[in-house]
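In the UniProt record's numbering, the protein residues as written are 1 to 483.
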């Protein structure tokens with residue numbers, strides 16, 4: 001018989017794998033007798049002990065039966081061939097309610113890359129900084145040499161937690177101890193852990209309307225019942241929060257509302273904290289891009305005003321550094337500390353240790369602050385270029401929600417319905433420009449057309465080139481307004 005040994009590992013293991021393949025491929029049918037050990041050893045140029053060891057392993061795994069005085073016989077039938085076209089996972093029924101919900105929402109996040117375009121106002125594209133790439137590579141290399149190879153602390157590396165505490169005190173007005181900080185794999189894991197700790201299936205969770213779609217979907221997959229609360233120029237409309245059936249969890253972006261850019265006013269912040277205290281609700285404060293402000297210092301984080309211990313404060317390094325770097329942090333309310341640590345332990349034992357050590361060192365030697373200064377300068381220039389260009393081509397057709405923060409602008413088309421907005425997006429794509437509707441960030445999209453325009457991934461020159469195309473498409477869509 002023909003058997004191919006793969007040259008990997010001991011000879012008896014190679015022979016075992018080759019015989020398994022022959023059985024599963026149908027070369028050796030159920031009930032057929034394996035060759036005598038002496039004959040097969042001679043045929044393959046192996047020792048008889050090697051063949052005996054392989055046969056014994058096959059018997060132990062149930063592939064063959066040994067019959068005293070008769071030899072070894074195949075005990076399995078080969079699997080039935082798959083239908084034409086191969087396996088189709090989408091035809092297999094989900095195995096749990098969670099899997100059904102996850103499959104329903106998987107792949108539905110808006111704002112992905114549009115293929116074939118030259119320029120794109122895609123939100124979430126990182127700012128390219130070659131100096132950061134070089135510095136980060138050095139930090140990772142050093143960390144890989146000196147990091148303890150055992151499991152990392154569940155709560156996160158002490159050095160990184162201390163660095164986060166120092167950063168929050170200086171930049172966000174949040175004074176916490178390292179014992180209150182939990183290192184997580186980005187904002188999405190922070191939300192997932194919060195949902196596991198606080199919500200059962202069917203429990204109510206409030207979200208802003210509009211909102212970051214990934215937050216909504218994470219809660220929906222968890223089985224939460226969503227309560228959308230409108231947002232205006234002062235942030236969440238706290239007077240519209242339900243009194244009769246208060247949500248267990250309220251998810252907000254008070255420092256820079258996504259996607260409108262509104263900053264929650266101080267009276268609204270105090271009202272939200274009082275509501276949470278009165279109803280014993282928990283607040284998930286997503287401070288996703290608090291590093292980047294362009295006119296004045298931002299209001300202190302909601303967590304800094306919380307004297308009742310109801311705020312779960314979350315920050316991320318994905319926006320400031322790389323989306324590929326799945327590192328963030330969560331400030332745990334004292335009452336929930338044990339629950340969060342247990343949930344994190346069950347989720348993954350702890351976040352990757354080498355990346356944590358590299359980031360802690362990068363922050364300690366000043367590299368992170370230097371990168372933030374460079375990034376803020378570049379983003380300020382790009383934002384100014386985008387604003388100037390939008391005002392130049394507006395001719396009264398555009399309403400720009402200038403939040404003076406972050407990495408994107410919300411831009412509305414005056415007097416234009418959503419269908420016409422989609423036509424503008426399609427026309428721009430045909431001309432090599434990627435535009436993105438704001439509608440997917442609403443549970444109930446508005447009738448008027450709006451765009452979410454990210455500028456971190458384009459240079460000032462590229463922004464000018466992209467806006468030239470945008471203006472052409474806008475003139476074709478609204479020629480009367482441009483006259």
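Quick reminder that beta carbons are idealized off the backbone N, C-alpha and C, glycines included.
Please classify residue 199: does DSSP put it in a helix, a strand, or coil? coil
Any idea if residue 282 is buried or exposed, counting beta-carbon neighbours within 10 angstroms, 16 or more meaning buried? buried
Taking residue 22 as the reference, give the member of 449, 2, 134 and 267 with the closest Cα. 2
Check the C-beta distance from residue 453 over to residue 386 and give it rounded, since I have them as a contact under 8 Å. 7 Å
Less than 8 Å between the CB atoms is what I'm expecting for residue 329 and residue 315, so what's the real figure, rounded? 5 Å
Cβ atoms of residue 183 and residue 156: under 7 Å apart, would you say? yes
Please classify residue 136 as buried or exposed, where buried requires at least 16 other C-beta atoms within 10 Å of its C-beta. buried
Sufficient close CB pairs (3 or more, under 8 Å) joining the region 169-176 to the region 185-198: no
Around the Cβ of residue 200, are there at least 16 other Cβ atoms within 10 angstroms (buried) or fewer (exposed)? Residue burial annotation: residue 200 is exposed, with fewer than 16 other C-beta atoms found within 10 angstroms of its C-beta.
Residues that residue 33 bridges to, as DSSP identifies them: 73
Quick one: residues in its chain with C-beta nearer than 7 Å to the C-beta of residue 463, no 5 flanking neighbours on either side, listed in chain order? 382, 385, 386, 389 and 455
Straight-line gap, residue 128 to residue 106 (C-alpha atoms, nearest Å): 28 Å
Confirm, please, whether the CB-CB distance from residue 362 to residue 139 is below 7 Å. yes
Where do the ends of the alpha helix (DSSP H) carrying residue 316 lie? Element bounds for residue 316: not the alpha helix (DSSP H) but the beta strand (DSSP E), 311-316.
Have a look at the DSSP bridge pairing and note the partners of residue 152. DSSP output for residue 152 lists no bridge partner at all.
Counterpart residues of residue 65 in DSSP-defined beta bridges: 73
Helix, strand or coil for residue 481 per DSSP? Because residue 481 carries a pLDDT of 48, less than 50, the predicted location of this residue cannot be relied on, and the following value inherits that uncertainty. Per DSSP, reduced to three states, the secondary structure at residue 481 is helical.
Through-space distance from residue 19 to residue 38, alpha-carbon basis: Going by the C-alpha atoms only, they are around 16 Å apart.
Given this structure, state the Cα-to-Cα distance separating residue 394 from residue 189, to the nearest angstrom. Approximately 40 Å, taken between the alpha carbons.
Check residue 438 in the structure and name its three-state DSSP category. Under the three-state reduction of DSSP, residue 438 is assigned to coil, being neither helix nor strand.
Determine, using beta carbons only, whether residue 403 and residue 290 come nearer to each other than 7 Å. Contact flag unset, no.
Residue span of the alpha helix (DSSP H) that contains residue 256, given as start and end: No alpha helix (DSSP H) contains residue 256, which DSSP labels as neither H nor E.
Ignore the nearest five residues each way along the sequence and tell me which others in residue 279's own chain have a CB closer than 6 Å to its CB. 246
Segment contact flag, the region 200-218 with the region 350-369, C-beta cutoff 8 Å, min 3 pairs: Using a Cβ-Cβ distance cut-off of 8 Å, the region 200-218 and the region 350-369 are not in contact, since fewer than three pairs of beta carbons, one from each stretch, lie closer than that value.
So for residue 183, helix, strand or coil by DSSP? strand
In three-state DSSP terms, what is residue 408? strand
Quick check on this structure: which residue in 287, 327 and 337 has the alpha carbon closest to the alpha carbon of residue 309? 337
Classification of residue 54 by the beta-carbon crowding that lies within 10 angstroms, buried from 16 upward: buried
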